[in-house]
Amino acid sequence: MQHIRPLAAALACILSLASCGSRAPREAERRPASPVDIPSIGLVFDVGGRDDASFNRSAYDGLVMLARDVNGYIRDDADADFGFKLDIRVLESKHRGADREQLLRSLAEEGRDLVIAVGFLFADSISSVAKDYPRTHFALIDGTVPDLDAGSTVTCVGFAENEGSFLVGAYAGLIAAAAGPDAKVGFVGGMDTPLIRRFLSGYAAGAAYANPALRAPGRVVSAFVARDASGFDDPARGAEMASMLFRVKSAVVYHAAGASGRGVFDAATRFGAKAIGVDSDQAAILAASDAQSDAVLSKVIVTSMLKRVDRAIYALGQELVSGIPIAGGYRTFGLAEGGVGYVAAGLPDDAVTLLSDLARRVSSGDISVPADDQALADFIAMLR
1 MQHIRPLAAA LACILSLASC GSRAPREAER RPASPVDIPS IGLVFDVGGR DDASFNRSAY
61 DGLVMLARDV NGYIRDDADA DFGFKLDIRV LESKHRGADR EQLLRSLAEE GRDLVIAVGF
121 LFADSISSVA KDYPRTHFAL IDGTVPDLDA GSTVTCVGFA ENEGSFLVGA YAGLIAAAAG
181 PDAKVGFVGG MDTPLIRRFL SGYAAGAAYA NPALRAPGRV VSAFVARDAS GFDDPARGAE
241 MASMLFRVKS AVVYHAAGAS GRGVFDAATR FGAKAIGVDS DQAAILAASD AQSDAVLSKV
301 IVTSMLKRVD RAIYALGQEL VSGIPIAGGY RTFGLAEGGV GYVAAGLPDD AVTLLSDLAR
361 RVSSGDISVP ADDQALADFI AMLR
């Protein structure tokens with residue numbers, strides 16, 4: 001295993017107070033007096049950055065939980081300093097993703113044991129970098145690298161987004177039923193990819209399952225923010241897309257658009273409508289913000305589809321710290337594994353009862369949730 005020497009890091013901070021701030025004396029005081037090898041993790045955020053209140057935020061929360069539970073620390077975050085048994089460093093792109101490979105290489109070059117890339121857009125970069133650093137294990141969250149096996153130095157972690165989206169889609173169906181006979185439900189995706197289509201397919205299936213009126217063509221409407229990765233970091237454009245869906249009588253809009261989702265919430269606020277968040281409990285995150293505008297946005301979010309990126313990253317980190325070799329290949333976290341779900345707080349009792357039953361049936365295999373357009377068409381045809 002490769003290691004970062006924390007004493008050297010602490011001395012570097014002392015010599016560069018401008019970059020380390022008040023953290024240096026505290027680290028020097030808490031780190032061991034002699035060089036000690038400790039496990040180390042590096043992580044690079046997807047487009048939207050750490051503060052997207054969604055996908056990246058969930059990834060960071062996983063690192064914080066890990067650092068807390070194993071007495072480790074995250075560099076440059078005084079609130080995530082719990083000891084010296086694990087060294088974590090996070091980076092985010094300053095060039096809208098153009099420097100993905102460079103950032104991965106910098107972490108591998110430091111000798112970090114585990115380097116995590118958050119988002120499918122890292123697939124090509126992680127394939128290239130992993131070849132040059134065979135002693136480093138790499139993990140790709142939400143993406144796929146072909147031809148891996150258990151002996152590979154790359155682990156691809158995926159989620160059954162369609163299953164979690166099915167549950168919030170069912171709730172969207174109930175909202176539309178209460179809104180009137182011609183109400184629709186909407187979806188905003190950051191970019192039209194097979195991954196984002198999984199969200200849409202599950203959502204539309206859940207809506208159609210709970211509300212027969214939504215089985216007709218054109219009752220589940222969708223829009224995509226952009227044709228490239230900028231669609232995950234463009235709130236203004238996200239608001240435009242959501243506004244278009246609200247104008248055609250969508251009672252609620254669900255998004256899978258990263259930081260662009262803020263625009264969806266803004267549009268819902270202006271239209272007096274409802275929205276569904278993604279990845280994290282977005283209502284809780286925005287409500288806890290010091291910004292009054294965030295608190296306003298939180299009120300339109302009726303639930304969020306939880307994609308437990310935090311749990312996946314926590315599990316990988318625990319394996320590293322425990323000395324368990326991290327297997328290469330592919331892992332999928334679905335409803336049965338606790339990898340996806342929904343926020344039940346604030347939902348009506350009858351809705352929770354329905355969604356709980358649907359979750360049980362999906363987990364048991366009684367309901368097979370579609371993950372693409374053709375499977376969705378077949379699913380709706382079966383319902384009819």
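1 is the number of the first residue of the sequence shown in our numbering; add one for each residue after it. Backbone N, C-alpha and C define an ideal beta-carbon position, used for all residues, glycine too. Given the structure is predicted, the values throughout are model-derived calculations rather than measurements.
Proximity winner among the options, relative to residue i (alpha-carbon distances)
i: Asp37; options: Ala108, Arg112 and Arg100; result: Arg112
i: Asn162; options: Leu43, Met65 and Asp279; result: Asp279
i: Ser125; options: Pro134, Gly151, Ala98 and Lys274; result: Ala98
i: Thr153; options: Ala327, Asp349 and Val369; result: Ala327
i: Asp405; options: Leu140, Glu110, Val64 and Leu63; result: This structure cannot speak to residue 405, because the chain is shown only from 1 to 384.
i: Ile181; options: Ala160, Thr193 and Lys249; result: The sequence given here has Pro at residue 181, not Ile. Comparing Cα positions, the closest option is Lys249.
i: Lys388; options: Ala205, Pro194 and Gly218; result: Since the displayed the chain opens at 1 and closes at 384, residue 388 lies outside it and no answer follows.
i: Ala80; options: Pro194, Gly62, His95 and Arg96; result: Gly62
i: Ala178; options: Ala351, Tyr133, Ala371 and Phe379; result: Ala351
i: Gly190; options: Arg215, Ile116 and Leu121; result: Leu121
i: Ile132; options: Val70, Arg360, Ala291 and Ala108; result: A small fix is needed here, since residue 132 is Asp in this sequence, not Ile. Checking every option, the nearest Cα to that of Asp132 belongs to Ala108.
i: Val220; options: Ala377, Asp52, Arg50 and Ser54; result: Ala377
i: Leu358; options: Ala312, Tyr209, Arg227 and Pro370; result: Tyr209
i: Ala213; options: Ser40, Ile380, Ile41 and Gly42; result: Ile380
i: Ser40; options: Ser201, Val264, Arg135 and Arg57; result: Arg135
CB-CB length for residue i against residue j, believed under 8 Å
i: Tyr329; j: Leu148; result: First, the amino acid is wrong: residue 329 is Gly here, not Tyr. That pair is a contact at about 5 Å.
i: Val44; j: Arg100; result: 7 Å
i: Arg105; j: Val90; result: Actually they are not in contact, since the Cβ atoms of Arg105 and Val90 sit about 16 Å apart, beyond 8 Å.
i: Gly143; j: Ala123; result: 4 Å
i: Arg311; j: Gly341; result: In fact, because the Cβ distance is near 10 Å, the residues do not count as touching under 8 Å.
i: Ser289; j: Ala267; result: At roughly 19 Å, the Cβ-Cβ gap does not stay under 8 Å, so Ser289 and Ala267 are not in contact.
Buried/exposed call for residue i, threshold 16 Cβ in 10 Å
i: Ser293; result: exposed
i: Ile324; result: exposed
i: Leu174; result: buried
i: Asp281; result: buried
i: Ala345; result: exposed
i: Ser34; result: Unreliable positioning characterises Ser34 in this predicted model, as indicated by a pLDDT of 32, which lies under 50. A coordinate reading is not provided.
i: Asn211; result: buried
i: Glu92; result: buried
i: Ser222; result: buried
i: Lys307; result: buried
i: His95; result: exposed
i: Arg31; result: The predicted model places Arg31 with a pLDDT of 46, which falls under 50 and marks its position as unreliable; any figure quoted below should be read in that light. Burial call: buried.
i: Met382; result: exposed
i: Ser165; result: buried
i: Ser322; result: exposed
i: Asp87; result: buried
i: Thr155; result: buried
i: Gly119; result: buried
Proximity test, residue i beta-carbon vs the ligand MN heavy atom, cut-off 8 Å
i: Met241; result: The ligand MN is not part of the structure shown, which contains no ligands of any sort.
### Query
At which residue ranges does the region 204 to 249 contain complete alpha helix (DSSP H) runs of 4 or more residues, listed in the order of the chain?
For secondary structure counted as the alpha helix (DSSP H) over 4 or more consecutive residues, the region 204 to 249 holds these complete runs in sequence order: 235 to 247.
### Task
Taking 8 Å as the threshold, find out whether the region 219 to 233 comes into contact with the region 246 to 263 through three or more Cβ pairs.
The region 219 to 233 vs the region 246 to 263: in contact.
### Task
May I have a chain-ordered list of the beta strand (DSSP E) segments no shorter than 3 residues that lie completely inside the region 262 to 297?
Contiguous beta strand (DSSP E) elements confined to the region 262 to 297 occur at 274 to 279, taking only those with 3 or more residues.
### Query
Between the region 297 to 306 and the region 261 to 276, are three or more C-beta pairs nearer than 8 Å?
With a cut-off of 8 Å on Cβ pairs, the region 297 to 306 is in contact with the region 261 to 276, counting three or more such pairs.
### Task
Go through the region 39 to 76 residue by residue and report every complete run of the beta strand (DSSP E) that reaches 3 residues or more, in order.
Counting whole runs of 3 or more residues, the region 39 to 76 contains the beta strand (DSSP E) stretches 40 to 44.
### Query
Enumerated in chain order, which unbroken segments of the alpha helix (DSSP H) with a length of 4 residues or greater are wholly contained in the region 321 to 354?
Uninterrupted alpha helix (DSSP H) stretches at least 4 residues long and entirely within the region 321 to 354 do not occur.
### Task
Please confirm if the region 347 to 366 is in contact with the region 312 to 323, defined as three or more CB-CB distances below 8 Å between the two stretches.
No, they do not touch.
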